[in-house]
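Colleague: The number in our numbering is simply the position in the sequence shown, starting from 1, with 6 added.
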Amino acid sequence: MNPLVTPSFPSRLPKVGTTIFTVMSTLAAEHQAINLGQGFPDFPCDRKLIAEVNAAMLADRNQYAPMAGVAELRNGISKKIETLYGHHYDPDTEITITAGGTQAIFTAVLSCVSPGDEVIIIEPAFDCYRPAIDLAGGKTISISLQVVRNEAGQVAAYEIPWDLLANAINHKTRLVLINTPHNPTGMVWDKADLDRLAALVRNTSALILSDEVYEHMVYDGAKHHSVASHPELAARSFLVSSFGKTFHVTGWKVGYVAAPPSLTKEFRKVHQFNVFAVNTPMQYGLASYLSDEKQYLNLPAFYQAKRDVFRAGLNPTKFKLLPTPGSYFQCADYSALGIPQAKLNEADFCKWLTTEVGVAAIPVSAFYDQATESGVIRFCFAKQEQTLAHALQRLQTL
Ligand code: GLN
7 MNPLVTPSFP
17 SRLPKVGTTI
27 FTVMSTLAAE
37 HQAINLGQGF
47 PDFPCDRKLI
57 AEVNAAMLAD
67 RNQYAPMAGV
77 AELRNGISKK
87 IETLYGHHYD
97 PDTEITITAG
107 GTQAIFTAVL
117 SCVSPGDEVI
127 IIEPAFDCYR
137 PAIDLAGGKT
147 ISISLQVVRN
157 EAGQVAAYEI
167 PWDLLANAIN
177 HKTRLVLINT
187 PHNPTGMVWD
197 KADLDRLAAL
207 VRNTSALILS
217 DEVYEHMVYD
227 GAKHHSVASH
237 PELAARSFLV
247 SSFGKTFHVT
257 GWKVGYVAAP
267 PSLTKEFRKV
277 HQFNVFAVNT
287 PMQYGLASYL
297 SDEKQYLNLP
307 AFYQAKRDVF
317 RAGLNPTKFK
327 LLPTPGSYFQ
337 CADYSALGIP
347 QAKLNEADFC
357 KWLTTEVGVA
367 AIPVSAFYDQ
377 ATESGVIRFC
387 FAKQEQTLAH
397 ALQRLQTL
């Protein structure tokens, strides 16, 4: 054996390649396309938030934070959840600060899924769910949102497949992953949906992982329905959220998990040997910024305005817009665009749109494990007015 050759080994994630977000952002950069693909704001965060983090650094808050997170931040989160959703999480035993939502999801899955356990996901689903389940040795049971079509055959909406969900839940179900507001479709769960889910898991030992990172992006006067607002679900749920989405700092990678003490205890066992503790000055900065509630209460109006501008701009085009009650994503059916584009699969359509029209988007098919083509793509509207205007100018040629 050549001692200079790296030994080979079986991949733990043989099917995983580069994420679609990286692929599309790279293609957008290569072609100077406007990037409405990967979900991140292209506008700056509040200078005040940066000043708070700076102040923490200058005050020498630069050593390890407590493993569970800085107390001031956990207290602030507890207060925010209680005010908005009416459930008290004890900051000491029920709230943990994480290095973003993805780490929170990964750690939650690893902390409760044992080899052979079944974990239910609802596709289209965010791309980090399945690899976490695979690494834990769990068995992913995926069911798909129901695609509702109009008379013209275009995708008009997505619906929760209650019958499939009811059939999928059994005594082997360890965890059900839900996501509201939903990436990529923008769907939101309402109170009746939470009630239905609660009824389905009532006599089982299934836990819930609720990805609510877009919690402050719910529009048209509607409320976000968190699992925290539902006592029965709260008692068996990991609730995940993220400051990156809420305060326009996706690159900071700070989020949190709120969960009952027995779940938090297991979560922290994994967290302390994976991350140990999240970056300290960011946590202090976020804690003082979070104390001003208008920083998140203003968010629905802020993003609704962007959604409305974007939708109005796409109206004259041949895209059929899906409803966007939440999230910062707009899905669109492109089947009326005419041949040959309308016949392209979603990934090829997105490539064509990026290279030929100069606007990058994400194929919804990337959120399914098995090839599922509906002719729908996702745009991110978390962009400055002028970016949206510029993108619309290009899209209006279609
Ligand atoms: N959440 C972001 C999106 O859906 C992407 C995050 C990432 O690139 N991993 O676009």
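Beta carbons are placed, not taken as given, at the ideal position from N, Cα and C, and that holds for glycine.
For the beta strand (DSSP E) that contains residue 129, what are its first and last residues?
Modeller: On the sequence shown, residue 129 is found 123 positions in, with the first residue counted as 1. Run containing residue 129: 124 to 129, per the beta strand (DSSP E) assignment.
Colleague: At the level of alpha carbons, what is the spacing between residue 310 and residue 338?
Modeller: The residue you call residue 310 lines up with position 304 of the sequence shown. The residue you call residue 338 lines up with position 332 of the sequence shown. Straight through space, the alpha carbons of residue 338 and residue 310 are spaced by roughly 17 Å.
Colleague: Say whether the stretch 122 to 137 touches the stretch 262 to 273, bearing in mind that this needs 3 or more beta-carbon pairs closer than 8 Å, one atom from each stretch.
Modeller: no
Colleague: Spell out the partners DSSP gives residue 140 in its beta bridges.
Modeller: The residue labelled residue 140 in the question sits at position 134 within the sequence shown. According to DSSP, residue 140 shares a beta bridge with no other residue.
Colleague: Residue 364: beta carbon under 7 Å from a heavy atom of the ligand GLN?
Modeller: On the sequence shown, position 358 is the one that residue 364 refers to. Relative to the non-hydrogen atoms of the ligand GLN, the Cβ of residue 364 never comes closer than 7 Å to any of them.
Colleague: Go ahead and pull the three-state DSSP assignment for residue 367.
Modeller: Within the sequence shown, numbered from 1, the residue matching residue 367 stands at position 361. Assigned with DSSP and collapsed to three states, residue 367 falls in coil, not helix or strand.
Colleague: For residue 244, which beta-bridge partners are listed by DSSP?
Modeller: For the purposes of this step, residue 244 is taken as the residue at position 238 of the sequence shown. Per DSSP, 215.
Colleague: Quick check on DSSP: helix, strand or coil for residue 238?
Modeller: Taking the first residue of the sequence shown as position 1, residue 238 is located at position 232. Of the three classes helix, strand and coil, the one that applies to residue 238 here is helix, per DSSP.
Colleague: Starting from the N-terminal side, write out each stretch of the beta strand (DSSP E) that is 3 residues or longer and does not extend beyond the stretch 35 to 114.
Modeller: 101 to 104
Colleague: Measure from the alpha carbon of residue 336 to the alpha carbon of each residue in 286, 344 and 389, then state which is nearest.
Modeller: In the sequence shown, counting from the first residue as 1, residue 336 sits at position 330. Minimum Cα distance to residue 336 is reached at 389.
Colleague: What does DSSP give as the partner residue(s) for residue 179 in the beta ladder?
Modeller: Counting from 1 along the sequence shown, the entry for residue 179 is found at position 173. In the DSSP output, where bridge partners are listed per residue, residue 179 has 124.
Colleague: Grab the span of the alpha helix (DSSP H) containing residue 317 for me, first residue to last.
Modeller: For the purposes of this step, residue 317 is taken as the residue at position 311 of the sequence shown. Element bounds for residue 317: 305 to 320.
Colleague: With a threshold of 8 Å, are at least 3 pairs of Cβ atoms found where one atom belongs to the stretch 387 to 404 and the other to the stretch 358 to 374?
Modeller: yes
Colleague: Does the ligand GLN have even one heavy atom less than 7 Å from the beta-carbon of residue 44?
Modeller: As a first step, residue 44 must be located in the sequence shown, where it is residue number 38. When distances are taken from the beta-carbon of residue 44 to the heavy atoms of the ligand GLN, the shortest one is below 7 Å.
Colleague: Sorted by chain position, which residues of the same chain lie with C-beta nearer than 6 Å to residue 5's C-beta, five sequence neighbours on each side aside?
Modeller: This structure does not reach residue 5, given that the chain is present from 7 up to 404, and the question cannot be answered.
Colleague: I'd like to check one pair, residue 75 with residue 102: are the Cβ atoms closer than 8 Å?
Modeller: The residue labelled residue 102 in the question sits at position 96 within the sequence shown. The residue labelled residue 75 in the question sits at position 69 within the sequence shown. In this structure, residue 75 lies closer than 8 Å to residue 102 by Cβ.
Colleague: Is any heavy atom in the ligand GLN found nearer than 7 Å to the beta carbon of residue 25?
Modeller: Numbered from its first residue, the sequence shown carries residue 25 at position 19. It does: the Cβ of residue 25 is within 7 Å (strictly closer) of some heavy atom of the ligand GLN.
Colleague: Assuming residue 4 and residue 119 are in contact, meaning their beta carbons sit under 8 Å apart, how far apart are those beta carbons, in whole angstroms?
Modeller: Only positions 7 to 404 of the chain appear in this structure, which leaves residue 4 out of reach.
Colleague: Considering only the beta carbon of each residue, do residue 370 and residue 190 sit closer than 8 Å?
Modeller: Numbered from 1 along the sequence shown, position 364 holds the residue referred to as residue 370. Numbered from 1 along the sequence shown, position 184 holds the residue referred to as residue 190. Yes. Within cutoff.
Colleague: Quick one: measure Cβ to Cβ for residue 3 and residue 114, integer angstroms, because I've assumed they're closer than 8 Å.
Modeller: With the chain represented from 7 up to 404, any question about residue 3 goes unanswered, as that position is not in the structure.
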